[in-house]
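Okay, structure first, notes after.
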Amino acid sequence: MIDLFVIYKLKNPARGKAFTMAHLRFGLFLKKILKGYILLFLMCLLMRLSLPVHAQDEIFEAKNKEIVFKNKIKSQTQMNHSYTDGVPSETGYKNAYMSYDEKGNMTEVITYKADGKVFSMESYKFDEAGRQIGYVRFDASRNQIVYKKAFKLNAKGDKLAEAGFDGQSNYKNEFKYEGDKLVEIQYSVSEILVQTRKFSYNGNTRTINIYKNDGTFEFSMSQTFDDRENLIEDIEFQPDGKTIARKYQYKYNAANKKTEEIKYEFGNLVYKKEFEYSPAGDILKIVQTDASGTSFETNIYEYDASGRLLKESYRKKPTQQFSTREYKYDEKGICISIDSYYATYKYKVLFKYTYEYF
46 MIDLFVIYKL KNPARGKAFT MAHLRFGLFL KKILKGYILL FLMCLLMRLS LPVHAQDEIF
106 EAKNKEIVFK NKIKSQTQMN HSYTDGVPSE TGYKNAYMSY DEKGNMTEVI TYKADGKVFS
166 MESYKFDEAG RQIGYVRFDA SRNQIVYKKA FKLNAKGDKL AEAGFDGQSN YKNEFKYEGD
226 KLVEIQYSVS EILVQTRKFS YNGNTRTINI YKNDGTFEFS MSQTFDDREN LIEDIEFQPD
286 GKTIARKYQY KYNAANKKTE EIKYEFGNLV YKKEFEYSPA GDILKIVQTD ASGTSFETNI
346 YEYDASGRLL KESYRKKPTQ QFSTREYKYD EKGICISIDS YYATYKYKVL FKYTYEYF
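Numbered by the working numbering, the letters in the sequence shown go through residues 46 to 403 in order.
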């Protein structure tokens with residue numbers, strides 16, 4: 046069983062590498078906003094980093110939701126206690142507040158600056174089946190929408206349409222199916238078609254052809270799955286349709302957990318990642334090998350006898366010091382604190398959590 050850590054992250058139902066034009070533009074928009082405010086951004090969003098790598102896994106998220114539901118958690122408050130001379134401040138300040146509905150869905154996230162002023166607010170909307178169908182991010186005033194998206198799903202949960210505001214323009218994405226298979230996606234910005242993706246299938250391989258708004262072919266992608274529907278190869282081709290620009294290869298164990306990931310660019314190795322798990326299925330470590338052949342541990346995880354994560358160490362380069370997070374829980378297995386050290390910034394902070402219940 047995986048216990049409740051910090052159930053706070055920017056939920057992105059558009060999973061995988063096929064990002065929309067709106068997602069890319071939103072990323073550029075955020076970079077402009079955050080330029081010159083890196084420290085403030087870090088302070089207000091440190092909690093987003095408090096999830097372990099495998100927290101992106103849908104099963105992990107489902108178990109977190111189950112714990113929220115089981116314990117009838119209504120809200121979670123995060124207090125920030127920065128360290129001075131090796132000692133965390135006694136009072137600290139509130140820098141995040143999360144609300145949940147009675148089904149365990151996170152419905153609102155508010156982040157705060159050290160002076161108590163609101164930094165941002167996010168709200169989430171779900172249908173009766175508990176599937177996310179909407180997301181809105183407001184600015185500090187709560188009056189200006191920074192980002193917005195809404196989904197239309199079919200009975201199976203497949204996305205039929207997505208519409209919203211990407212920070213600069215209104216956008217709309219429409220999805221077409223033939224039976225159970227996705228065959229086309231049209232991306233529009235300000236009611237103007239900007240890109241079309243057409244899907245074709247051959248056995249376990251799916252080919253995606255990308256076209257510009259005038260119908261001109263742009264490039265193609267190929268995705269191959271195993272018999273358990275795990276993605277095992279993801280290729281992006283150059284416009285000539287032959288030259289491989291980027292390729293990912295994946296391997297999985299019997300429990301469908303990823304054990305290997307390899308990335309190539311134009312035929313050259315970028316990295317190789319190997320994932321090691323405990324007999325219970327918990328991630329233990331990730332080892333990365335770079336293009337030079339140097340192998341090093343990027344992530345290390347330690348658990349207690351109940352399978353609760355006690356410590357996580359992580360870094361991006363072999364020359365870097367490990368950043369760490371150490372977790373503590375109450376008798377119900379709910380996270381009550383995370384002691385975090387961010388090596389890049391030489392910054393240490395203790396996060397404490399309190400809860401309200403239905």
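Ideal Cβ positions, reconstructed from N, Cα and C, are used throughout, including at glycine.
In this structure, does DSSP put residue i in helix, strand or coil?
i, result
"E111", "helix"
"E106", "helix"
"A200", "coil"
"T389", "helix"
"F262", "strand"
"T288", "coil"
"N301", "coil"
"K257", "strand"
"P133", "strand"
"N116", "coil"
"Q189", "coil"
"L55", "Confidence in L55 is poor, its pLDDT being 33 and thus under 50, which makes the residue's placement unreliable; the coordinate value appears in the next sentence. Note: L55 maps to coil in three-state DSSP."
"Q240", "strand"
"E347", "strand"
"S368", "strand"
"F311", "coil"
"F396", "strand"
"E401", "strand"
"S235", "coil"
"S323", "coil"
"E406", "There is no way to answer for residue 406, as the model of the chain reaches only from 46 to 403."
"E357", "strand"
When you compare the CB positions of residue i and residue j, do they come within less than 7 Å of one another, or not?
i, j, result
"E305", "K296", "yes"
"K317", "T339", "no"
"G137", "N150", "no"
"T152", "Y169", "yes"
"T122", "Y142", "yes"
"I255", "F244", "no"
"A185", "V154", "no"
"T364", "Y386", "no"
"V239", "Y246", "no"
"P133", "L314", "no"
"F262", "F282", "no"
"N275", "N298", "no"
"Y430", "D327", "For the chain, the structure presents residues 46 to 403; residue 430 sits outside this window and is missing."
Among residues of its own chain, excluding the 5 on either side of residue i, which ones have a beta-carbon nearer than 7 Å to its beta-carbon?
i, result
"S235", "S214, N215"
"F210", "I190, Y192, K193"
"A325", "G352"
"K148", "F114, G175"
"K361", "T343"
"T269", "N249, T250, I277, E278"
"L84", "Confidence is the limiting factor: at L84 the pLDDT is only 42, short of 50, which leaves the residue's position unreliable and the question unanswerable from this model."
From this set, the options, which residue's C-alpha is nearest residue i's C-alpha?
i, options, result
"D130", "Y400, K393, Y398, S267", "K393"
"A350", "S323, I331, Y359, V154", "S323"
"F10", "S233, G212, A206, K226", "Summary: the structure shown does not reach residue 10, with the chain confined to residues 46 through 403, and so no result is reported for it."
"I178", "R187, A185, K197", "K197"
"I307", "K356, N344, I277", "I277"
"E319", "Y348, E310, N344", "N344"
"N218", "K302, G224, N199, R242", "R242"
"Y402", "N313, K117, I112", "K117"
"K257", "N275, I230, P133", "I230"
"R182", "E173, A195, T389", "A195"
"D160", "K139, K201, E173", "K139"
"D375", "A388, Y398, T389, K391", "Y398"
"K391", "K158, T288, Q366", "Q366"
"V228", "A208, D203, K158", "D203"
Which residues in the same chain as residue i place their Cβ atom closer than 6 Å to its Cβ, once the five residues preceding and following it in sequence are excluded?
i, result
"L69", "With a pLDDT of 44 at L69, under the threshold of 50, the modelled position of that residue is not reliable, and the figure given next carries that caveat. Once the five neighbours on either side are set aside, L69 has no close Cβ partner at all."
"E321", "L329, K330"
"A67", "Reliability of the predicted coordinates at A67 is poor, the pLDDT of 43 falling under 50, and no value is obtained from them."
"E310", "R291"
"E167", "V154, R182"
Sort out for me which residues DSSP pairs residue i with in a bridge.
i, result
"G209", "K194, Y216"
"D335", "Y316"
"K362", "Note: K362 sits in no beta bridge, so no partner."
"D184", "Partner(s): none; D184 has no beta bridge."
"A141", "Q123, T156"
"G179", "K170, A195"
"R251", "Y246, Q268"
"L227", "Y222"
"Q294", "E278, I307"
"F164", "DSSP lists no partner for F164."
"K377", "According to DSSP, K377 bridges with nothing at all."
"D408", "Nothing about residue 408 can be read from this structure; the chain reaches only from 46 to 403."
"K148", "Answer is none; K148 lacks a bridge partner."
Ignore the nearest five residues each way along the sequence and tell me which others in residue i's own chain have a CB closer than 8 Å to its CB.
i, result
"D272", "N249"
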